[in-house]
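Numbering (this note's numbering), first residue to last: 115 to 345. Notes follow the structure.
See the structure below:
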């Protein structure tokens with residue numbers, strides 16, 4: 115079981131594992147200490163030294179670990195012992211409680227630096243994402259602004275409106291007018307660019323019928339006049 119948990123174990127997995135105080139609430143303190151005893155026993159058996167922790171020392175060391183590292187996981191302790199075993203830690207023919215505590219303490223010091231680097235990386239990615247989002251918003255705003263400054267090419271005053279808009283943008287770039295003044299002048303151009311239908315140019319329905327009737331009568335008169343053979 116310990117070998118399966120230890121195989122491929124990473125800092126990310128150890129940091130995401132349930133913490134010791136959580137396991138105490140869920141499984142009970144006695145079970146947590148038993149788990150730590152098993153981990154320590156497997157570690158001692160994997161180290162080829164003649165002098166190892168006794169049964170009483172295993173239990174005592176597990177109790178101290180459970181009481182000290184309450185907000186870390188058992189996988190953290192497993193990873194600490196694994197890194198010491200494969201990383202060339204000098205045991206000098208013995209494994210005692212002092213060396214276990216030294217290994218675990220050194221591991222958690224390195225973990226603090228690792229967590230800090232993870233935090234900085236996350237913050238950098240977040241800042242980069244925020245800058246990207248802001249840039250996209252600015253680009254979208256510029257695109258919307260460009261769309262808003264398009265003029266109707268069929269407008270009778272298209273050339274004068276375009277010239278006024280160009281002058282306004284040039285003054286704004288050179289700082290000759292404030293952004294508020296530039297925006298106000300652009301809005302004036304856009305208002306002038308709007309071509310609303312003039313309903314008063316069209317005759318009413320009754321007047322239209324009278325016009326059509328008069329035109330029809332005139333057409334008939336002309337047709338009757340010019341369709342007669344020459345005398």
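We put the CB at the ideal spot given by N, CA and C, even for glycine. Computed from a prediction, not measured in an experiment: that's the story for all the values here.
Note that the region 191-201 touches the region 214-233; at least 3 beta-carbon pairs, one per stretch, sit closer than 8 Å.
Take the alpha-carbon of residue 208 and the one of residue 192: they are about 19 Å apart.
The region 164-177 makes contact with the region 145-152; the number of CB pairs closer than 8 Å reaches 3 or more. Within a 10 Å sphere around the beta-carbon of residue 266 sit fewer than 16 other beta-carbons, which makes this residue exposed. Excluding sequence positions up to five before and after residue 146, its CB lies within less than 8 Å of the CB of 134, 137, 138, 180 and 188, all in the same chain and listed in chain order. Beyond the five residues adjoining it in sequence on each side, residue 271 comes within less than 8 Å, by CB distance, of 306 in the same chain, given in chain order.
Sequence-distant partners of residue 175 (beyond 5 residues in either direction) whose C-beta falls short of 7 Å from its own C-beta, in its chain, are 154, 167, 211 and 214. With 16 or more other Cβ atoms inside 10 Å of its own Cβ, residue 279 counts as buried. Counting only the Cα atoms, residue 230 lies some 17 Å from residue 124. Between the alpha carbons of residue 289 and residue 297 lies a distance of about 13 Å. Each residue's CA atom was taken as its position, placing residue 299 and residue 239 some 40 Å apart.
In terms of CA proximity to residue 194, 224 leads the group 236, 224 and 143.
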